[in-house]
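Going by my numbering, 201 is the number at position 189 of the sequence shown; the sequence numbering is gapless.
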Amino acid sequence: MPKTIQKRGNTSTTTVVEGIINNTDNGDSIEQVKRKVVYKLYRWDEIPEWQKDNEHIISGYVRETNSFKGCLHSLFYVHNESGNVYSHLLPGVFFFFTMVLNKYGITIYSTTSIVDYLMIDLFFFGAFCCLILSSLFHCFKSHSLKVATLGNKLDYLGIVILIVTSMISIMYFGFFDNPLFFYFFSSLTFLFGGACATVSLKDHFRSREWRPYRAGLFVAFGLSAILPILAGTFYYGIEETFIRIQLKWIILEGFFYIFGAFLYGVRFPEKYVPGSFDIWGHSHQIFHILVVVAAFCHLRGLLSSYEIVHSRL
């Protein structure tokens, strides 16, 4: 296994990775030799302005590489984005394979249809897109400003995809006997999702003057999830709505999303002890972990809602 040694100076951290490589001598023999590959991690005051985002994280930066190969190499040593990459990469891979092998992880009823599989897979697809686009952004954001900007746009797009697929999948089973409600609220979700995707991808809407409107649109998108709950409560009653969409899991999901976003917004805990959470435990990593926990809460509620529908049928 490679060995990682960290050397700390006054201004930067150098990570030395010792590995084993094969070397061919004169074409007739192969001997193993050790080679030291040095990856230098930089401090806040050593990176370009465009890379600066959180002044409370002092060190551990991968400086602008202008190389996709260099960004990929960063997967194999520890820096301050490693937690952000792997906390979404590994669950993203899990959701992908669960989507492919869903017949082995979902209870099958005599009434189970291909549409049921598609709706559950819709959520798996949304979670996969969100987590993979996020991990790719954090892996390649050190390439250049242009690549980081594109990656940030795709990161937001992944969030929109996850929200849309989460809401539609749970509404399908919650309104299984009321297609009018399902199609109406699904159309509303697509409308909000399309608007949020547009303001996330178009440079014109990403300017400073559009920031409050962009934030307001995302807030409205999130609050729109309350509308089908209110409609269900009016039509079915509180207790029945609670059962149909497994509201306890949806509320827990929302709590983890909001709490994670709050910690990220206030930069807790690194704001209060700058430099202590440079590599592990800073707010963005906590936010990533809570997003994954929230996704699993939704999955638990979605599968329970599916089972309730078919046990009644």
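For every residue, glycine included, the Cβ atom is placed at its ideal position computed from N, Cα and C.
Y168 carries a helical assignment under DSSP once its states are collapsed to helix, strand and coil.
Following the DSSP letters along the chain, one finds H150 inside the alpha helix (DSSP H) bounded by residues 126 to 152. By the criterion of at least three beta-carbon pairs nearer than 8 Å, the region 231 to 248 is in contact with the region 180 to 196. Counting only the Cα atoms, Y89 lies some 37 Å from W261. Note that the C-beta distance between F135 and S71 is not below 8 Å. In this structure, D128 lies away from M111, with their beta-carbon atoms at least 8 Å apart. Here Y98 carries a helix assignment [DSSP, helix/strand/coil]. Annotation for I238: the continuous alpha helix (DSSP H) segment containing it runs 238 to 248. Rounded to the nearest angstrom, the gap between the Cα atoms of G293 and T123 is 46 Å. K64 carries a coil assignment under DSSP once its states are collapsed to helix, strand and coil.
Residue pairing from DSSP leaves K115 without any beta-bridge partner. When secondary structure is reduced to three states using DSSP, K52 falls in the strand class. For Y73, the three-state secondary structure derived from DSSP is strand.
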